[in-house]
Amino acid sequence: MALNYARMPGFGDLPGDSRHPNSPDYVEPAFGLDDAAENVAGELYANDEAGRLVDEVADAAGLLRWISHNAEVPPEFRMEFRFLIEQAERLERMRDAEYAALNGEHA
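Numbering (the UniProt record's numbering), first residue to last: 1 to 107.
Okay, here's the thing in structure tokens:
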């Protein structure tokens, strides 16, 4: 009898591991990570912490750029790291433009 390597038992096949889609006990989550992120964003806004988070991420843009030029980011994280840099730079531009507008300066 030949082994079917396309369907070998794996970690998720262990009985009782209901978190893995290959488990017979698996139940699809009712909510996704995007739902969780929206709830966290709502909490940050409600607790008046959203501005602080924007400020901290915007301030980190320079550090993230430095890391990208001076450190080796593992291949499996490069896309996420590049996206993080782009978002930090975007928040930095938006915050600086808003600061200039609030103070009557031209951005």
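Glycine is no exception: its CB is placed at the ideal position from the N, C-alpha and C atoms.
Limits of the alpha helix (DSSP H) - the one that residue i falls within
i	result
residue 108	Nothing about residue 108 can be read from this structure; the chain reaches only from 1 to 107.
E77	Position check: residue 77 holds Phe in this sequence, whereas Glu was assumed. Premise fails: F77 is in no alpha helix (DSSP H) and is neither H nor E.
D55	A50 to D59
Spatial neighbours of residue i in its chain, beta-carbon cut-off 8 Å, leaving aside the 5 residues before and after
i	result
L53	L44
V91	In the sequence on display, residue 91 carries Leu and not Val. Same-chain partners within the cutoff: V54, V57, A58 and A61.
Cβ neighbour criterion (16 or more within 10 Å) applied to residue i
i	result
A61	buried
A88	buried
For residue j and residue i, believed in contact at Cβ under 8 Å, the rounded distance
i	j	result
R95	D55	7 Å
L102	I85	No, L102 and I85 are not in contact; Cβ-Cβ is about 26 Å, not under 8 Å.
Reference residue i, options the options, closest by Cα
i	options	result
E98	D35, M79, V73 and G51	G51
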